[in-house]
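Chemist: FYI, in mature numbering (1 follows the signal peptide of the UniProt record, and there is no 0) the residues of the sequence shown are -24 to -1, 1 to 95.
One structure, as structure tokens, below. Some questions next.
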Amino acid sequence: MKWGSLLVLAGLLALWAGLQPTSGKLVPDICRLPPEQGHCARYLKRYYYNWVTRTCQQFIYGGCQGNANNFKTRRECENRCKVGGKGLSLPGPDAASGMAAPGRWPDVQGRVKLGQPRE
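Encoded structure:
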């Protein structure tokens, strides 16, 4: 039984190592947050990192509160969130089915879900 547990642990470690990008870096947690306008009524053009599409996209920020996935320029967003100029190295959900392709995608907290539909 002890050897079986060690084999399972070794398999999980191998799987985890295979999910790591070649640069050894993952997208920072703030870059996985959804865009958040905040509660104020200003109209400020800002950028957030969309980890599903692996691009920085524009949104309107109200000027207060919100979250840390909020950058004044596209360049600032890309410098903070893109890994090796290519963004997140894990596959995103399939647009047609909302399922992960080929079976894995990180949720907002950075955990890996296996075959779960997008929420």
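Cβ coordinates follow ideal geometry from the N, Cα and C atoms, glycine included.
Taking the C-alpha atoms as reference points, what is the distance between Pro4 and Lys(-23)?
Modeler: Taking the first residue of the sequence shown as 1, we reach residue 4 at position 28. Taking the first residue of the sequence shown as 1, we reach residue -23 at position 2. One C-alpha to the other measures close to 36 Å.
Chemist: Can you round the beta-carbon distance between Gln34 and Lys21 to whole angstroms, since I take them to be within the 8 Å contact cut?
Modeler: As a working note, residue 34 is residue 58 in the sequence shown. As a working note, residue 21 is residue 45 in the sequence shown. Sure, about 6 Å apart at Cβ, within 8 Å.
Chemist: Where His15 and Ile36 are concerned, what is the direct C-alpha to C-alpha distance, given to the nearest angstrom?
Modeler: Within the sequence shown, residue 15 is the residue found at index 39, counting from 1. Within the sequence shown, residue 36 is the residue found at index 60, counting from 1. Approximately 12 Å, taken between the alpha carbons.
Chemist: Identify, in the order they occur along the chain, each residue of the same chain with its Cβ nearer than 7 Å to the Cβ of Asn45, setting aside the five sequence neighbours on each side.
Modeler: Against the sequence shown, residue 45 aligns to sequence position 69. Only Ile6, Cys7, Leu9, Pro11, Tyr24 and Tyr25 meet the Cβ criterion.
Chemist: Throw me the rounded Cβ distance for the Arg18 and Gly42 pair, which I believe falls under 8 Å.
Modeler: As a first step, residue 18 is located in the sequence shown; it is residue number 42 there, counting from the start. As a first step, residue 42 is located in the sequence shown; it is residue number 66 there, counting from the start. Between Gly42 and Arg18 the Cβ distance is about 11 Å, and since that is not below 8 Å, they are no contact.
Chemist: Under the assumption that residue 101 contacts Cys57 (Cβ atoms under 8 Å), give the Cβ distance between them as a whole number of angstroms.
Modeler: As shown, the chain starts at -24 and ends at 95. That puts residue 101 outside it, with no answer to give.
Chemist: Between which two residues does the alpha helix (DSSP H) carrying Cys53 extend?
Modeler: Looking up residue 53 in the sequence shown gives position 77. It spans Arg50 to Cys57 - the alpha helix (DSSP H) in which Cys53 sits, taken as one unbroken run.
Chemist: In the structure shown, what three-state DSSP assignment does Arg8 receive?
Modeler: Your numbering for residue 8 matches position 32 in the sequence shown. If DSSP states are grouped into helix, strand and coil, Arg8 belongs with the helices.
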